[in-house]
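First to last, the protein sequences are chains E and A. For the first sequence, this note's numbering assigns the number 1 to the initial residue and increments by one for each residue that follows. For the second sequence, this note's numbering assigns the number 342 to the initial residue and increments by one for each residue that follows.
2 protein chains.
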Amino acid sequence: MTSGGRPLREVGEEALIEQIARLVATTCPRVRIGIGDDAAVWRPHAGHELVVTTDTLIERIHFRLEWTDWATLGHKALAVNLSDIAAMGALPRLAVVDLALRGTERDRDVADFYRGAQALARRFGVAIVGGDTTRSPLGVAISVTVIGESPRDGRPLLRRDAGRPGDVIGVTGPLGLAAAGLRVLERGLKTLDGNPVMQERYHRPEPRVREALLLRRCGVRAAMDISDGLLGDLEKLCRASGVSAIVDTLRVPVPNAVKWGFPDWEELALRGGDDYELLFTAPPHVFARVQRAFARAGMLPPRAIGQLIEAGTAGPVVQLRDAAGRCRPVEARGYDHFRAG
Amino acid sequence: MTSGGRPLREVGEEALIEQIARLVATTCPRVRIGIGDDAAVWRPHAGHELVVTTDTLIERIHFRLEWTDWATLGHKALAVNLSDIAAMGALPRLAVVDLALRGTERDRDVADFYRGAQALARRFGVAIVGGDTTRSPLGVAISVTVIGESPRDGRPLLRRDAGRPGDVIGVTGPLGLAAAGLRVLERGLKTLDGNPVMQERYHRPEPRVREALLLRRCGVRAAMDISDGLLGDLEKLCRASGVSAIVDTLRVPVPNAVKWGFPDWEELALRGGDDYELLFTAPPHVFARVQRAFARAGMLPPRAIGQLIEAGTAGPVVQLRDAAGRCRPVEARGYDHFRAG
Numbered sequence: 001m002t003s004g005g006r007p008l009r010e011v012g013e014e015a016l017i018e019q020i021a022r023l024v025a026t027t028c029p030r031v032r033i034g035i036g037d038d039a040a041v042w043r044p045h046a047g048h049e050l051v052v053t054t055d056t057l058i059e060r061i062h063f064r065l066e067w068t069d070w071a072t073l074g075h076k077a078l079a080v081n082l083s084d085i086a087a088m089g090a091l092p093r094l095a096v097v098d099l100a101l102r103g104t105e106r107d108r109d110v111a112d113f114y115r116g117a118q119a120l121a122r123r124f125g126v127a128i129v130g131g132d133t134t135r136s137p138l139g140v141a142i143s144v145t146v147i148g149e150s151p152r153d154g155r156p157l158l159r160r161d162a163g164r165p166g167d168v169i170g171v172t173g174p175l176g177l178a179a180a181g182l183r184v185l186e187r188g189l190k191t192l193d194g195n196p197v198m199q200e201r202y203h204r205p206e207p208r209v210r211e212a213l214l215l216r217r218c219g220v221r222a223a224m225d226i227s228d229g230l231l232g233d234l235e236k237l238c239r240a241s242g243v244s245a246i247v248d249t250l251r252v253p254v255p256n257a258v259k260w261g262f263p264d265w266e267e268l269a270l271r272g273g274d275d276y277e278l279l280f281t282a283p284p285h286v287f288a289r290v291q292r293a294f295a296r297a298g299m300l301p302p303r304a305i306g307q308l309i310e311a312g313t314a315g316p317v318v319q320l321r322d323a324a325g326r327c328r329p330v331e332a333r334g335y336d337h338f339r340a341g
Numbered sequence: 342m343t344s345g346g347r348p349l350r351e352v353g354e355e356a357l358i359e360q361i362a363r364l365v366a367t368t369c370p371r372v373r374i375g376i377g378d379d380a381a382v383w384r385p386h387a388g389h390e391l392v393v394t395t396d397t398l399i400e401r402i403h404f405r406l407e408w409t410d411w412a413t414l415g416h417k418a419l420a421v422n423l424s425d426i427a428a429m430g431a432l433p434r435l436a437v438v439d440l441a442l443r444g445t446e447r448d449r450d451v452a453d454f455y456r457g458a459q460a461l462a463r464r465f466g467v468a469i470v471g472g473d474t475t476r477s478p479l480g481v482a483i484s485v486t487v488i489g490e491s492p493r494d495g496r497p498l499l500r501r502d503a504g505r506p507g508d509v510i511g512v513t514g515p516l517g518l519a520a521a522g523l524r525v526l527e528r529g530l531k532t533l534d535g536n537p538v539m540q541e542r543y544h545r546p547e548p549r550v551r552e553a554l555l556l557r558r559c560g561v562r563a564a565m566d567i568s569d570g571l572l573g574d575l576e577k578l579c580r581a582s583g584v585s586a587i588v589d590t591l592r593v594p595v596p597n598a599v600k601w602g603f604p605d606w607e608e609l610a611l612r613g614g615d616d617y618e619l620l621f622t623a624p625p626h627v628f629a630r631v632q633r634a635f636a637r638a639g640m641l642p643p644r645a646i647g648q649l650i651e652a653g654t655a656g657p658v659v660q661l662r663d664a665a666g667r668c669r670p671v672e673a674r675g676y677d678h679f680r681a682g
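Structure follows, in structure tokens:
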């Protein structure tokens, strides 16, 4: 997309960094040194554990510049990392952003990117404290690292390996919207009902930070975010926990727009990635407590979609159960970056 | 370079991540959750400040796979970040690594990369706790983020904006070797005297962590690492501090191998980047203390190469002074990623 502003070649690296520093300037007193020195300096709360995560978005693998604007890209690059912090039940605090650019971009593109990231950061109390801006002639690459904090309050962080047989499997929201949004973009289905919501979910996922804190407070111990698709991610949780799972296909929440728009909606909901809802498991009494707590907080209660069971001799497997109660094992592979494409 | 091992396409993402997790496994009791969950969890020391830095290396901009092996690349990607932590006078503790690969690499390449990074990490007590491995068909991109700690012992961290008129300008080691090493690679000067040392410095810079701690303990307050070239980096320090600088050209330490090998050795030493020595400034009595402390510790004392002076009406400038005492201002631009090439 073309836009105003000057080409980066004319602006130069230093002016660009100064512009970025202005855009993400923070008033957080815990940030002692922000952008502009060799490193940023931050004062953590004593007695808290730190949670660190990082994720890269590569042009043409994770995004296409003809489908997105720079502000949206800034949102998404930060959101997928906040989602990982949420998946631990922690609070995001700091972010650093590495942006590798072709050099043909305009300074306004970069400003828009940081505006998009900063708007999301501000909503979650996150300070963008540094980064690296470099040239990458063959394509844009974005790496974001986020540091979060978790009080050592005796409640364990949410982990993938804490699922237990008998746990109810829950998800915090509907699945398939983001995959449908990607399909809409790929096929140019602009007139499809529900298209804006699907695209919005694909482009601007909402990290479930508040939901995760509530889950943790209710006593949930096992969770992860759904980035690569429900079945693939559930399989990872099962393997980490050494358990198997049964998913009741009919109970997986799928928006009607996805069902009406795509005959293979089940595939989109079960294997489509990018929704960034939380997948968690908890004993039935904890799950009931979760549903009450969400309702009290005015949030849509999570949906129960199945349960964990003892792993058989073949090790952890994920099975799908249909309306008639028939189970079939699934080839649960999620998106594999190196096998795909 | 070709090497053994299986292509990543056959190995798959999950097996690759398991392999990486084994290679960088840490026994550090402060790391509560390492690779394998949504995020890593780490317990910081109470009362310490955290220092965060990040740097990206892009294929064909920062490295060429025909000039380096993967272990060396792993070393360098971590080293440039450790150098930024050192430049603050802090101790590096944690690293996360984002590796975007073409997909045509072998699993052994990736293992070598992490072996190289891990060997350096171990020497500096750093735990590699996570990362992201993704596909990037057009070229390899590496982003590393390092978190360091600094005791709040009343001594300020080393900053770019703490230089004062009257300060002596010092460097912790010789300059120009890395730029000469790059020249050797570009021109294929394999028979040149000193070639192995030059290439080694270019490929495997040594972060000056120990030197920085000693500087800070001696009372130094202003420092940065020399990554983009002495004059360009000194100009940044001058602008951040609001001072000017005079560099005595003859006092800049340049190894004889560089002088003998290249007629434009002064250019390599003054403007060549990638040496990752520390540039610092301190009042004369502090500088003298630094030299005694280095000598006592059995380390080569830093070299005084000039001094900071009041900025004139034109603002901060860097001047070069020759043997006859004549000063000339320099067009001090360091490497600019977007203007170059």
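The beta-carbon is built from N, C-alpha and C at its ideal position, and this holds for glycine as well.
C-alpha distance - residue i paired with residue j, whole-angstrom precision
i, j, result
"Ala222 (chain E)", "Arg524 (chain A)", "54 Å"
"Asp193 (chain E)", "Asp274 (chain E)", "20 Å"
"Val352 (chain A)", "Thr474 (chain A)", "13 Å"
"Cys369 (chain A)", "Arg384 (chain A)", "10 Å"
"Ile402 (chain A)", "Ile20 (chain E)", "22 Å"
"Gly306 (chain E)", "Ile246 (chain E)", "5 Å"
"Met342 (chain A)", "Leu406 (chain A)", "Its pLDDT being 48, under 50, Met342 (chain A) is placed unreliably in this model, and the value from its coordinates should be taken loosely. Distance between the alpha carbons of Met342 (chain A) and Leu406 (chain A) is about 7 Å."
"Val392 (chain A)", "Ala40 (chain E)", "5 Å"
"Arg363 (chain A)", "Val593 (chain A)", "44 Å"
"Ile226 (chain E)", "Ile35 (chain E)", "32 Å"
"Val365 (chain A)", "Pro151 (chain E)", "27 Å"
"Ala519 (chain A)", "Gly602 (chain A)", "13 Å"
"Asp396 (chain A)", "Ala436 (chain A)", "11 Å"
"Pro329 (chain E)", "Ser244 (chain E)", "10 Å"
Residue closest to residue i, alpha-carbon to alpha-carbon, out of the options
i, options, result
"Lys600 (chain A)", "A:Ala664, A:Pro657, A:Arg557 and A:Pro515", "A:Pro515"
"Trp265 (chain E)", "E:Ile17, E:Leu279 and E:Leu250", "E:Leu250"
"Ile342 (chain E)", "E:Val140, E:Ala21 and E:Met224", "As shown, chain E starts at 1 and ends at 341. That puts residue 342 (chain E) outside it, with no answer to give."
"Tyr114 (chain E)", "E:Leu91, E:Asp69 and E:Ile147", "E:Asp69"
"His544 (chain A)", "A:Phe679, A:Ile376, A:Trp408 and A:Ala387", "A:Trp408"
"Arg549 (chain A)", "A:Pro670, A:Ala431 and A:Glu672", "A:Ala431"
"Gln660 (chain A)", "A:Glu576, A:Ala645, A:Pro604 and A:Pro642", "A:Glu576"
"Ile672 (chain A)", "A:Thr397, A:Asp574, A:Leu518 and A:Arg463", "It is Glu, not Ile, that sits at residue 672 (chain A) in the sequence shown. Ranking the options by Cα distance to Glu672 (chain A), first place goes to A:Asp574."
"Gly583 (chain A)", "A:Arg542, A:Glu608 and A:Ala655", "A:Ala655"
"Gly504 (chain A)", "A:Arg350, A:Val561 and A:Glu354", "A:Val561"
"Ala462 (chain A)", "A:Asp448, A:Gly489, A:Tyr617 and A:Glu527", "A:Gly489"
Within-9 Å CB hit, residue i to chain A
i, result
"Glu200 (chain E)", "no"
"Ala240 (chain E)", "yes"
"Arg60 (chain E)", "yes"
"Val209 (chain E)", "no"
"Pro137 (chain E)", "yes"
"Gly338 (chain E)", "One point to set straight first is that residue 338 (chain E) is Phe, not Gly, in the sequence displayed. Taking Cβ atoms only, chain A reaches closer than 9 Å to Phe338 (chain E), which makes this a yes."
"Trp70 (chain E)", "no"
"Ala332 (chain E)", "For Ala332 (chain E), the predicted model reports a pLDDT of 49, less than 50, meaning its position is unreliable; a value from the coordinates is still stated below. For Ala332 (chain E), the answer is no, since every Cβ of chain A falls outside 9 Å of its Cβ."
"Gly130 (chain E)", "yes"
"Gly229 (chain E)", "no"
Whole-angstrom C-beta distance between residue j and residue i, which should lie under 8 Å
i, j, result
"Leu157 (chain E)", "Met88 (chain E)", "5 Å"
"Leu619 (chain A)", "Leu572 (chain A)", "16 Å between Cβ atoms; not a contact."
"Pro624 (chain A)", "Gly507 (chain A)", "6 Å"
"Asp439 (chain A)", "Ala412 (chain A)", "Going by Cβ atoms, the distance from Asp439 (chain A) to Ala412 (chain A) rounds to 18 Å, so no, they are not a contact pair."
Beta carbon proximity, residue i to chain E, threshold 9 Å
i, result
"Ser585 (chain A)", "no"
"Ile376 (chain A)", "no"
"Leu442 (chain A)", "yes"
"Asp566 (chain A)", "yes"
"Pro370 (chain A)", "no"
"Met429 (chain A)", "yes"
"Val593 (chain A)", "no"
"Glu296 (chain A)", "In the structure as shown, chain A starts at 342 and stops at 682, and residue 296 (chain A) therefore has no counterpart that could be examined."
Buried or exposed (CB count within 10 angstroms, at least 16 for buried), residue i
i, result
"Cys579 (chain A)", "buried"
"Arg93 (chain E)", "buried"
"Lys417 (chain A)", "buried"
"Thr513 (chain A)", "buried"
"Ala636 (chain A)", "exposed"
"Cys218 (chain E)", "buried"
"Leu300 (chain E)", "exposed"
"Gly312 (chain E)", "exposed"
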